[in-house]
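What follows is a single structure, written as C-alpha cells, with notes after it.
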Amino acid sequence: MSERVSHHIHGKFFIIKLNDPKHLNSLTFADFVSIALLLNKANNIDSVLFTVLQSSGKYFSSGGKFTAVNELHVEENASEVDKVSKLVSAICSPNIFVANAFETHKKVLICCLNGPAVGLSASLVALCDIVYSKNDSVFLLFPFSNLGFVAEVGTSVTLTQKLGVNSANEHLIFSSPILFKELLGTMITKNYQLTDTDAFNMKVLEDLKQNVKGLYPKSIIGMKYLLHSQMREKLIKSQAMEANGTLPFWASGEPFKRFKQLQKGNRRHKL
Numbered sequence: 025m026s027e028r029v030s031h032h033i034h035g036k037f038f039i040i041k042l043n044d045p046k047h048l049n050s051l052t053f054a055d056f057v058s059i060a061l062l063l064n065k066a067n068n069i070d071s072v073l074f075t076v077l078q079s080s081g082k083y084f085s086s087g088g089k090f091t092a093v094n095e096l097h098v099e100e101n102a103s104e105v106d107k108v109s110k111l112v113s114a115i116c117s118p119n120i121f122v123a124n125a126f127e128t129h130k131k132v133l134i135c136c137l138n139g140p141a142v143g144l145s146a147s148l149v150a151l152c153d154i155v156y157s158k159n160d161s162v163f164l165l166f167p168f169s170n171l172g173f174v175a176e177v178g179t180s181v182t183l184t185q186k187l188g189v190n191s192a193n194e195h196l197i198f199s200s201p202i203l204f205k206e207l208l209g210t211m212i213t214k215n216y217q218l219t220d221t222d223a224f225n226m227k228v229l230e231d232l233k234q235n236v237k238g239l240y241p242k243s244i245i246g247m248k249y250l251l252h253s254q255m256r257e258k259l260i261k262s263q264a265m266e267a268n269g270t271l272p273f274w275a276s277g278e279p280f281k282r283f284k285q286l287q288k289g290n291r292r293h294k295l
C-alpha cells in the first residue's frame with residue numbers, strides 16, 4: 025500500500041486516511057486503487073459497520089498528481105492499438121475498479137471532509153453515504169471540461185442525484201466549484217465549524233460512537249442496502265458509459281496538454 029494512504033480498524037469503524045498534507049493529499053492512480061482495495065477489505069470484516077474516509081492538513085485531496093498523469097502519455101508515433109490499449113489499462117480499468125468498489129460497498133461510507141476536494145478525489149466524496157465538513161471553507165471541484173475530458177467515477181450520476189440535474193449540469197459543464205452553501209443539505213449533513221483537522225477527525229469518530237450505541241448492526245447494513253439500491257443500479261450502468269465516453273478524449277492527447285499547462289501555471293481551475 026502507498027505511504028499516502030493508511031488504514032486502521034477502531035471497533036466498528038474501518039478508517040482510511042490520506043497522509044500527504046505537504047502535497048495537498050494529491051494521489052496517483054495506484055493510490056486510488058489502494059483505496060478501492062481497502063474498501064474491499066473492509067467489506068469482508070463482519071465486525072465493521074462503517075468505513076470512514078479521513079484526510080490530513082488543509083485539503084481533503086487536490087486530485088491526481090501531475091506526474092502520475094504525465095506518465096500515461098503515449099508517444100506521438102505509437103500505433104492506435106498501442107495508444108488505446110495503454111489508456112484502457114491505465115485509465116478506464118482503474119476508474120471502473122474504483123467506482124465499483126464504492127458502488128458495491130456494503131458498509132456505511134462516511135467522509136470527513138476537512139477541506140477542498142478536486143477531480144477524482146471529489147468523485148469519491150460524492151460516492152459516500154454521509155459527509156461531514158470541518159467548516160464552511162470546503163468545496164468540491166470537478167474540472168473535467170477544463171482538463172479536456174468528461175465525467176468519471178460516477179459523477180454523471182452522483183451529482184445529478186444529490187445536487188439536482190440543473191445544478192449538476194452547470195458545475196460539470198462549466199467546471200465551476202460547488203461551494204459549501206450548496207453542499208450543505210444536499211451532500212454535507214453537518215458542519216462541525218472546527219479549524220484543526222485532527223480534532224475534527226476525532227470529534228466525528230466520537231459522535232459516530234455515540235450515534236451507533238444501541239443500534240442493531242444488521243439493521244444498519246440492511247438500511248444501507250435499501251437506501252442505496254436505486255443509485256447503485258444507476259452507478260453500475262454508468263461505469264461503461266463514463267469509461268467509454270472519456271477514452272476518446274484521452275486518446276486525443278488533449279487532457280495531457282492541459283495537465284501540463286496547469287502544472288506550468290498557464291492554466292487555472294475556477295476557484
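Just remember that the working numbering sits 24 ahead of the position in the sequence shown, which is counted from 1. The C-beta atom is built at its ideal place from N, Cα and C for all residues, glycine as well. A quick note: this is a predicted structure, and the numbers were derived from the prediction, not measured.
To the nearest angstrom, report how far apart residue i and residue j are at their CA atoms.
i: Ile202; j: Ser71; result: 35 Å
i: Glu266; j: Ile197; result: 15 Å
i: Phe121; j: Lys237; result: 34 Å
i: Thr179; j: Gly35; result: 31 Å
i: Asn94; j: Phe283; result: 8 Å
i: Ile212; j: Tyr156; result: 6 Å
i: Leu148; j: Met255; result: 15 Å
i: Asn193; j: Phe53; result: 26 Å
i: Pro272; j: Lys281; result: 14 Å
i: Ser243; j: Phe126; result: 20 Å
i: Glu206; j: Asn215; result: 13 Å
i: Gln78; j: Asp44; result: 12 Å
i: His195; j: Lys186; result: 13 Å
i: His47; j: Asn170; result: 22 Å
i: Thr270; j: Gln234; result: 43 Å
i: Cys136; j: Thr91; result: 27 Å
i: Thr128; j: Gly188; result: 23 Å
i: Ala123; j: Val177; result: 5 Å
i: Asn68; j: Gln285; result: 43 Å
i: Pro241; j: Gln287; result: 47 Å
Indicate the three-state DSSP secondary structure (helix, strand or coil) for residue i in the structure shown.
i: Ala192; result: helix
i: Tyr249; result: helix
i: Thr75; result: strand
i: Ala296; result: Residue 296 is absent from the model: the chain starts at 25 and stops at 295.
i: Ile244; result: helix
i: Val174; result: coil
i: Leu133; result: strand
i: Leu165; result: strand
i: Arg282; result: helix
i: Asn94; result: helix
i: Leu259; result: helix
i: Asn235; result: helix
i: Asp106; result: helix
i: Ser180; result: helix
i: Asp222; result: helix
Identify every residue that forms a DSSP beta bridge with residue i.
i: Gly88; result: Leu51
i: Ser30; result: Lys41
i: Phe17; result: No statement about residue 17 is possible, as the shown extent of the chain runs from 25 to 295 and does not include it.
i: Lys333; result: Any question about residue 333 goes unanswered here, given that the chain covers just 25 to 295.
So the candidates are the options; which of them puts its Cα closest to the Cα of residue i?
i: Leu62; options: Thr182, Leu51, Val76; result: Val76
i: Ile40; options: Ser80, Leu48, Lys46, Phe53; result: Ser80
i: Leu239; options: Ser85, Phe74, Lys89; result: Phe74
i: Ser109; options: Arg282, Asn290, Gly289, Ala275; result: Ala275
i: Ala66; options: Ile115, Val132, Ser117, Arg28; result: Val132
i: Asn268; options: Tyr83, Pro118, His31; result: Pro118
i: Ser50; options: Gly139, Lys214, Cys116, Met211; result: Gly139
i: Lys89; options: Phe56, Leu183, Leu229; result: Phe56
i: Asp153; options: Glu104, Gly209, Ser103, Asp106; result: Gly209
i: Ala60; options: Lys82, Thr91, Thr221, His31; result: His31
i: Lys82; options: Asp220, Ser103, Gln285, Asn124; result: Asp220
If residue i sits next to residue j, beta carbons under 8 Å apart, how far is it from one beta carbon to the other, in whole angstroms?
i: Val181; j: Lys258; result: 5 Å
i: Ser301; j: Ser58; result: Nothing about residue 301 can be read from this structure; the chain reaches only from 25 to 295.
i: Leu96; j: Asn159; result: Actually they are not in contact, since the Cβ atoms of Leu96 and Asn159 sit about 35 Å apart, beyond 8 Å.
i: Ser199; j: Pro167; result: 4 Å
i: Leu164; j: Ala141; result: 5 Å
i: Leu183; j: Ala150; result: 6 Å
i: Gly172; j: Pro279; result: 4 Å
i: Phe37; j: Leu229; result: 7 Å
i: Leu232; j: Ile134; result: 7 Å
i: Phe204; j: Val162; result: 6 Å
i: Lys130; j: Ile245; result: 6 Å
Nearest chain B C-beta to residue i closer than 7 Å, yes or no?
i: Leu259; result: Checking the listed chains, one finds no chain B in this structure; it contains a single protein chain.
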